[in-house]
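Below is one structure, written out as structure tokens; the observations come after it.
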Amino acid sequence: MKKRSLTLLAVAGLLFSFHGMATEPLADRHGGFGIECVDCHQTDTPTKRAKSKTCKGCHGDKVDVPLFQAEERSVDFHESPHGSVRCTKCHLAHQQPVMYCNECHAFEKPVP
Ligand code: HEC
Ligand code: HEC
Ligand code: HEC
Ligand code: HEC
Numbered sequence: 001m002k003k004r005s006l007t008l009l010a011v012a013g014l015l016f017s018f019h020g021m022a023t024e025p026l027a028d029r030h031g032g033f034g035i036e037c038v039d040c041h042q043t044d045t046p047t048k049r050a051k052s053k054t055c056k057g058c059h060g061d062k063v064d065v066p067l068f069q070a071e072e073r074s075v076d077f078h079e080s081p082h083g084s085v086r087c088t089k090c091h092l093a094h095q096q097p098v099m100y101c102n103e104c105h106a107f108e109k110p111v112p
């Protein structure tokens, strides 16, 4: 696990330098909020990804953030017009987050 963490840190470090974003991975930030592995993974010894259902258990089914204006429309990242999207499509926990919608759009909005 230690070796893996170090590798992840190295990868994250690389990404920071590309994006100039000096944020810690989301899982580590949760650690800072007093939230542990088990709270997201529902087990003390995680082997698989955490489920969005667990995120929703704390954050609710619908996160309210200001609408984002782009492409002459108001975009709600937490309510895609294309159907439901897993939280961790954008909010990766151990890697830099990604704006998943930009597989097709060009929304200049960083994901926390
Ligand atoms: C046990 C409760 C809990 C779980 C489970 C949880 N969170 Fe959080 N999360 C928090 C708390 C508390 C904060 C800090 C206060 C806040 O911003 O709401 C937080 C903050 C965040 C933030 C803002 C981070 C920042 O730096 O400001 C994001 C994004 C987030 N959580 C997404 C997620 C996602 C995605 C998941 C599932 C993979 C998840 N959370 C699981 C409790 C939880
Ligand atoms: C399409 C990408 C995307 C998906 C999917 C997504 N989010 Fe977000 N999320 C964002 C963006 C972008 C922001 C920043 C919004 C802002 O700052 O205006 C954000 C902000 C947040 C925040 C911080 C809110 C605050 O008040 O600062 C939390 C918590 C969060 N998301 C949780 C979730 C949870 C839980 C899910 C799944 C139910 C989810 N998100 C799904 C893109 C996404
Ligand atoms: C905020 C919720 C959250 C916290 C806290 C968290 N994880 Fe995760 N974890 C995830 C999510 C979501 C994934 C899916 C991959 C990703 O998003 O990076 C994951 C993936 C994993 C995986 C599987 C990786 C893979 O490739 O399948 C392991 C192992 C893991 N986490 C271990 C841990 C350990 C150990 C801790 C505590 C030090 C921890 N996680 C804390 C949300 C969390
Ligand atoms: C696989 C490609 C693809 C992805 C991924 C995608 N979109 Fe779209 N989206 C489209 C296409 C194609 C249209 C229709 C053409 C247009 O209006 O630009 C569209 C239209 C929209 C519209 C306008 C809908 C309307 O009724 O006017 C919004 C808002 C939108 N997308 C938001 C999102 C958000 C938010 C995400 C991420 C959660 C997302 N899209 C992810 C392809 C995609």
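Note that full-length UniProt numbering has the sequence shown beginning at 1, numbered continuously upward.
Every residue gets a Cβ at the ideal spot worked out from N, C-alpha and C, and that includes glycine.
In this model, THR45 and GLY83 are separated by some 32 Å (Cα to Cα).
With a threshold of 8 Å, the Cβ atom of VAL38 does not count as near ligand 2, since no heavy atom of the ligand is closer than that. The region 72–79 and the region 32–50 do not touch, with fewer than 3 CB-CB distances between them shorter than 8 Å. In the pairwise beta carbon analysis, the region 21–37 is classified as touching the region 85–98: at least three pairs are separated by under 8 Å. Assigned with DSSP and collapsed to three states, VAL98 falls in coil, not helix or strand. Per DSSP, the unbroken alpha helix (DSSP H) holding VAL38 starts and ends at 37–41.
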